[in-house]
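A.B. asks: Following this message is one structure expressed as structure tokens.
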Amino acid sequence: FSLFDKDGDGQITTKELGTVMRSLGQNPSEFELQDMINEVDADNNGTIDFPEFLTMMARKMKDTDSEEEIREAFKVFDRDNNGFISAAELRHVMTSIGEKLTDDEVDE
Numbered sequence: 001f002s003l004f005d006k007d008g009d010g011q012i013t014t015k016e017l018g019t020v021m022r023s024l025g026q027n028p029s030e031f032e033l034q035d036m037i038n039e040v041d042a043d044n045n046g047t048i049d050f051p052e053f054l055t056m057m058a059r060k061m062k063d064t065d066s067e068e069e070i071r072e073a074f075k076v077f078d079r080d081n082n083g084f085i086s087a088a089e090l091r092h093v094m095t096s097i098g099e100k101l102t103d104d105e106v107d108e
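As structure tokens, this is what we get:
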């Protein structure tokens with residue numbers, strides 16, 4: 001949740017959701033982002049709090065990813081297209097979404 005909630009206010013906005021999705025190789029429109037939030041925004045305040053986030057993730061987990069979607073997600077990490085995700089490639093993606101990892105954590 002904290003990876004999405006960049007300003008730490010306990011709410012995920014369309015802007016914050018878009019930032020994370022773009023860093024993962026997606027390019028959702030503003031309408032698509034708002035639609036994603038609206039699907040789980042139980043209190044209708046236009047943002048996602050933690051319980052709403054859990055609902056969104058549970059729904060996403062139910063959707064089985066096609067092999068093509070999994071390959072596309074892998075390509076986000078496998079920047080040199082060699083079929084492997086190196087520690088450097090993992091570090092690049094994780095830092096681009098704001099996750100701070102030590103070298104040991106990446107190597108693990």
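Mapping to full-length UniProt numbering: the sequence shown position 71 is 71, numbers consecutive. We put the beta carbon where it would ideally sit given N, CA and C, even for glycine. Keep in mind it's a predicted model, so treat the numbers as computed, not measured.
1) Among S66, D41, N45, G46, which residue has its Cα nearest to the Cα of T55?
2) Is the beta carbon of G18 less than 8 Å from the beta carbon of L3?
3) Q11 and D49: beta carbons closer than 8 Å?
4) Less than 6 Å between C-beta atoms, sequence neighbours within five positions excluded: which residues of the same chain meet that for M21?
5) Verify whether the separation of the beta carbon atoms of G83 and K6 is less than 8 Å.
6) Comparing alpha-carbon positions, which option in R79, D103, K15 lies nearest V93?
C.D. replies: Put simply:
1) D41
2) no
3) yes
4) P28
5) no
6) R79
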